[in-house]
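Shown next, in structure tokens, is the structure this report addresses.
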Amino acid sequence: MPDQVGLELIAGQLEESIPGSVLATVFFRNRATVEVAPATIRAVLAALRERHGYGALMSVHGVDYYPEEPRLGVHYELLDMEHVDRLTVKLRVPLAEPTVESVTGDWPTADHQEREIYDMFGVVFDGHPDLRRILMPEDYEGHPQRRDFPVGGEPVLFTHNDATGPGWTR
Numbered sequence: 043m044p045d046q047v048g049l050e051l052i053a054g055q056l057e058e059s060i061p062g063s064v065l066a067t068v069f070f071r072n073r074a075t076v077e078v079a080p081a082t083i084r085a086v087l088a089a090l091r092e093r094h095g096y097g098a099l100m101s102v103h104g105v106d107y108y109p110e111e112p113r114l115g116v117h118y119e120l121l122d123m124e125h126v127d128r129l130t131v132k133l134r135v136p137l138a139e140p141t142v143e144s145v146t147g148d149w150p151t152a153d154h155q156e157r158e159i160y161d162m163f164g165v166v167f168d169g170h171p172d173l174r175r176i177l178m179p180e181d182y183e184g185h186p187q188r189r190d191f192p193v194g195g196e197p198v199l200f201t202h203n204d205a206t207g208p209g210w211t212r
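Under this note's numbering, the first residue of the sequence shown is numbered 43, with each subsequent residue one higher.
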């Protein structure tokens, strides 16, 4: 795990090679995180792989920062297997235009994870080879993991212990 100084060095090198890419860094509870501009995500991940050894994309997650704006986030968890170092790369996109470039071409493991984020949060991944719902039916309206999604559903009627239900005996 890079320490605070290591994180700042990585962020400085990213900013130097990709101007405007780094928006913030956070080192909290021994977790290193760099927040980047959405337009630079592919270049940032490529630089982290080529220059810093983060060769494995372990997971991609969606986040809803409701009520803040930009509201939707995507988190990429990278691993340097040689040094057993983890690094989180975050980006945020506005609800009005929740679009980010797909990294599936460079990181095939992101394929189904990007589809899940699209399905559950509504983030569109430009350039994804097969961007369609993966968990919900194609005709489903809405994105169930958004924080303002209505909780509830169809009422369930339990009649097994109702005196008027079938099979009731006294």
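Idealized CB from N, CA, C, for every residue including glycine. Source: prediction; values computed, not measured.
Bounds of the alpha helix (DSSP H) holding residue 86 are 83–94. Residue pairing by DSSP puts residue 118 in a beta bridge opposite 102, 131. Rounded to the nearest angstrom, the Cβ distance from residue 165 to residue 120 is 19 Å, too far for a contact under 8 Å. In its chain, beyond the 5 residues on either side, 141, 142, 143, 144 have a beta carbon closer than 8 Å to the beta carbon of residue 168. Residue 93 is classed as exposed because its beta carbon has fewer than 16 other beta carbons within 10 Å across all chains shown. With respect to the C-alpha of residue 81, the residue from 61, 95, 53 having the closest C-alpha is 61. Residues 174 of the same chain have their beta carbon placed closer than 8 Å to that of residue 180, with the five preceding and five following residues left out of the count. Burial of residue 129 is indicated by the presence of at least 16 other C-beta atoms within 10 angstroms of its C-beta. With a minimum length of 3 residues, the unbroken runs of beta strand (DSSP E) contained wholly in the region 138–163 fall at 141–143. Shown here, residue 74 sits in a strand according to DSSP, grouped into three states.
For the pair residue 148 and residue 84, the CB atoms are nearer than the 8 Å cut-off. Inclusion of residue 137 and residue 158 in the CB contact set at 8 Å is not warranted, their separation being larger than that value.
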